[in-house]
Amino acid sequence: MNALDCNFEGKEDVRQLLLSAPKFGNDDDYVDSIAHELYDWWQKLVTSIDTLYGHKYQPNAYSASGHHAAGKKGMALPNGRLAGLSLADGSVSPCQGADFKGPTAIINSASKIDQRHILSTLLNIKFQPVALKTKDDLKKLVALIKTYFVCGGRHIQFNVVDRETLIDAQVHPELHRNLLVRVAGYSALFVELDRGVQDEIIQRTHHTL
Amino acid sequence: MEVIPIETSKDKGTRGLIFNIQRYSIHDGPGIRTTVFLKGCPLECFWCQNPESQRGTPEIFLNKEQCTLCGQCVAICPTGASSLLLERSTIDRGKCTGCGMCVDVCPSGARSLVGRYATVEEVVQEVVRDKKFYENSGGGVSLSGGDPTVQIEFALAILRGCKEEGLHTVLDTCGYASWLIMEKLLEFTDLVLYDIKCMDTTKHYGATGKPNDIILENAKKIAKCKLMRVRVPMIPGFNDTAEEVRAIAEFVKDELGAVDIDLLPYNKWAESKYERLGKTCFHLEEQSEEDMERLRAIVSSVMMGEKG
Numbered sequence: 001m002n003a004l005d006c007n008f009e010g011k012e013d014v015r016q017l018l019l020s021a022p023k024f025g026n027d028d029d030y031v032d033s034i035a036h037e038l039y040d041w042w043q044k045l046v047t048s049i050d051t052l053y054g055h056k057y058q059p060n061a062y063s064a065s066g067h068h069a070a071g072k073k074g075m076a077l078p079n080g081r082l083a084g085l086s087l088a089d090g091s092v093s094p095c096q097g098a099d100f101k102g103p104t105a106i107i108n109s110a111s112k113i114d115q116r117h118i119l120s121t122l123l124n125i126k127f128q129p130v131a132l133k134t135k136d137d138l139k140k141l142v143a144l145i146k147t148y149f150v151c152g153g154r155h156i157q158f159n160v161v162d163r164e165t166l167i168d169a170q171v172h173p174e175l176h177r178n179l180l181v182r183v184a185g186y187s188a189l190f191v192e193l194d195r196g197v198q199d200e201i202i203q204r205t206h207h208t209l
Numbered sequence: 210m211e212v213i214p215i216e217t218s219k220d221k222g223t224r225g226l227i228f229n230i231q232r233y234s235i236h237d238g239p240g241i242r243t244t245v246f247l248k249g250c251p252l253e254c255f256w257c258q259n260p261e262s263q264r265g266t267p268e269i270f271l272n273k274e275q276c277t278l279c280g281q282c283v284a285i286c287p288t289g290a291s292s293l294l295l296e297r298s299t300i301d302r303g304k305c306t307g308c309g310m311c312v313d314v315c316p317s318g319a320r321s322l323v324g325r326y327a328t329v330e331e332v333v334q335e336v337v338r339d340k341k342f343y344e345n346s347g348g349g350v351s352l353s354g355g356d357p358t359v360q361i362e363f364a365l366a367i368l369r370g371c372k373e374e375g376l377h378t379v380l381d382t383c384g385y386a387s388w389l390i391m392e393k394l395l396e397f398t399d400l401v402l403y404d405i406k407c408m409d410t411t412k413h414y415g416a417t418g419k420p421n422d423i424i425l426e427n428a429k430k431i432a433k434c435k436l437m438r439v440r441v442p443m444i445p446g447f448n449d450t451a452e453e454v455r456a457i458a459e460f461v462k463d464e465l466g467a468v469d470i471d472l473l474p475y476n477k478w479a480e481s482k483y484e485r486l487g488k489t490c491f492h493l494e495e496q497s498e499e500d501m502e503r504l505r506a507i508v509s510s511v512m513m514g515e516k517g
């Protein structure tokens, strides 16, 4: 808690330990069960509250670009995230760079969350263009998406762009005016986004093969 | 016939050395696959795309750019392999046993361990996690390396375990193993991805450290009993010539029959790995898309000739 209060200043060792702890998005049953429980608890809580008109509230995990704005105001977190940095971009997306086992592992993690009673369960995955070059590659992507929906997924969307292109677009926005990217719940022209949101998209893990 | 002795554990066959389990592997056989990379290879090709796979023991990746010269690795190293020479962190690879103690103390993450011992059960459990994806895409598990034949008992146990789970299995091999070993693995293999580098055995010896006679003999035997695809890595200046490609295609057509050939273009991705292992890297130029088309056209013309 001390380390969090001071934004890990002088506590880099603690932060490294936290960063190396297992994270959501790697098909790790233990970590994923925490996400599952948390969503369940929150969903039950929200649906138990009456609205002004006598209906029940509906839980909605829509982040739009709120993950960036909220992150800016947020303190350091026990996952090793420093104060002021973006939160995870989609409601069932792993944190930027926390996933390292590839898209199937992310999907397995995301489908462990019971998405039936929650709206806007967003999942964003970033691919390098080389992973989607041939017709055969696209067929495999289709199988990937199908599997997610069979397992209870509701939404999945992709950014297919390499890191170099994004970084170049930050330096030379005039050359990349038509570069469309998926943010969270919406798509936008990359060059028109806030710098912090741009950085956040670059930090998301991209999958090559 | 030599087989590199690797398994040191008592419960032989249940534990082996792997350096990666790659999920959503889409370029190592049909459908969505999980590729298990076993460490250790009988060949030592100078262009190897996985140079960290060659040695049959754990190794240290050292990224000098991240090193802060703190010297903790030198202090803890039990064999004196780590040193700070001329203000550069270095590893004497002859002395290094790959124990990984320096990795544990390295505060900057400049050092990482390549290769870990895993049980068959552990590997199969990880593979089975993506079963739904295999079913929806016609995929399965691929065994690659290094070369799976080196850790024969381990490889066999993984394939058997995956077969028990009803998975489609691919064996990705360079073919340099005795037929006794090959035969055992084939029993639990659905498709063989078979590497052929060049036809001339002296040239093969020079580039890989081993002759190719066993490889070509095994290829003929496999073609008779299993589904196979021949894969030819295109190495600039070594085998990416019209003559070499034609010679390989003719061998496949005459001796193996209707077997598909994939020409794999060279890429430079592995260069940084050579540096991290302290190995000499040959900087080669990648082929252009046009070069590859030209070479693929040669393969098709040879294979078409078969029918006519």
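Line by line, the protein sequences give chains A and B.
One point on numbering: in our numbering, the residue at position 89 of the first sequence is 89, and numbering is uninterrupted.
To convert, take the position in the second sequence, counting from 1, and add 209; that gives our numbering.
Glycine included, C-beta positions come from ideal geometry on N, C-alpha and C.
Here the structure is a predicted model, which is why all the values come from computation and not from measurement.
- Only exposed fits Thr165 of chain A, as fewer than 16 other CB atoms lie within 10 angstroms of its CB.
- With the criterion set as a beta carbon lying under 7 Å from some beta carbon of chain B, the members of the region 84-116 of chain A are Lys101, Gly102, Pro103, Thr104, Ala105 and Asn108, in sequence order.
- In this structure, Tyr53 of chain A keeps its C-beta atom at 8 Å or more from the C-beta atom of Asp114 of chain A.
- Secondary structure at Asn345 of chain B: helix, using DSSP grouped into helix, strand and coil.
- By alpha-carbon distance to Val323 of chain B, the top candidate from B:Gly309, B:Val332 and B:Glu330 is B:Gly309.
- When the Cα atoms are used, Thr223 of chain B and Gln334 of chain B turn out to be separated by approximately 13 Å.
- Bridge pairing for Val441 of chain B: B:Leu472 [DSSP].
- Chain A places no beta carbon closer than 8 Å to that of Ile285 of chain B, leaving this residue out of the contacts.
- Using a Cβ-Cβ distance cut-off of 8 Å, the region 364-383 of chain B and the region 338-345 of chain B are in contact, since at least three pairs of beta carbons, one from each stretch, lie closer than that value.
- In the DSSP assignment, Ile241 of chain B falls outside any beta strand (DSSP E) and carries neither an H nor an E.
- Taking a Cβ-Cβ threshold of 7 Å, the residues of chain B close to Lys140 of chain A are Ile235, Gly240, Ile241 and Ser346, in chain order.
- With three or more CB-CB distances shorter than 8 Å, the region 110-128 of chain A counts as touching the region 155-171 of chain A.
- Residue state for Ile390 of chain B is assigned as helix, using DSSP reduced to three classes.
- Contact with chain B is absent for Leu82 of chain A, since none of that chain's Cβ atoms lies less than 8 Å from the residue's Cβ.
- Along the region 319-339 of chain B, going in chain order, the ones with a CB nearer than 8 Å to a CB of chain A are Arg338 and Asp339.
- Counting along the chain, Val197 of chain A sits inside the alpha helix (DSSP H) bounded by residues Arg195 to Gln203.
- For His377 of chain B, the enclosing beta strand (DSSP E) has its first and last residue at His377 to Thr382.
- In terms of Cα proximity to Gly84 of chain A, the closest of A:Pro103, A:Val191 and A:Leu4 is A:Leu4.
- Gly225 of chain B is bridged by DSSP to B:Ala327.
- Distance from the Cα of Lys73 of chain A is smallest, within the candidate group A:Val142, A:Lys133, A:Asp168 and A:Leu87, for A:Leu87.
- Flagged as an interface residue toward chain A: Arg232 of chain B, by a C-beta distance shorter than 8 Å.
- Annotation: Lys482 of chain B is outside any beta strand (DSSP E); the continuous alpha helix (DSSP H) that includes it extends over Glu480 to Leu486.
- In this structure Phe190 of chain A is buried. Its beta-carbon is surrounded by 16 or more other beta-carbon atoms within 10 angstroms.
- Boundaries around Ser109 of chain A are those of the alpha helix (DSSP H), Pro103 to Ala110, since no beta strand (DSSP E) includes it.
- In the DSSP assignment, Ile167 of chain A falls within the unbroken alpha helix (DSSP H) covering Arg163 to Val171.
- Residue range Gly66 to Lys73 is occupied by the alpha helix (DSSP H) that includes Ala69 of chain A, with no beta strand (DSSP E) assigned at that position.
- Assigned with DSSP and collapsed to three states, Phe8 of chain A falls in coil, not helix or strand.
- Remark: C-beta atoms of Leu473 of chain B and Val441 of chain B approach each other more closely than 8 Å.
- For Arg297 of chain B, the enclosing beta strand (DSSP E) starts and ends at Arg297 to Ile300.
- Phe342 of chain B reaches chain A at Thr104, Ala143, Leu144 and Thr147, counting residues in chain order whose Cβ is nearer than 7 Å.
- For Asp27 of chain A, the chain B residues whose C-beta falls within less than 7 Å of its own C-beta are Arg338, listed in chain order.
- Taking C-alpha positions only, Gly347 of chain B is separated from Val283 of chain B by approximately 50 Å.
- In the DSSP assignment, His206 of chain A forms a beta bridge with A:Lys126.
- Rounded to whole angstroms, the separation of the alpha carbons of Ser321 of chain B and Cys250 of chain B is 21 Å.
- Taken through DSSP and simplified to helix, strand or coil, Lys419 of chain B comes out as coil.
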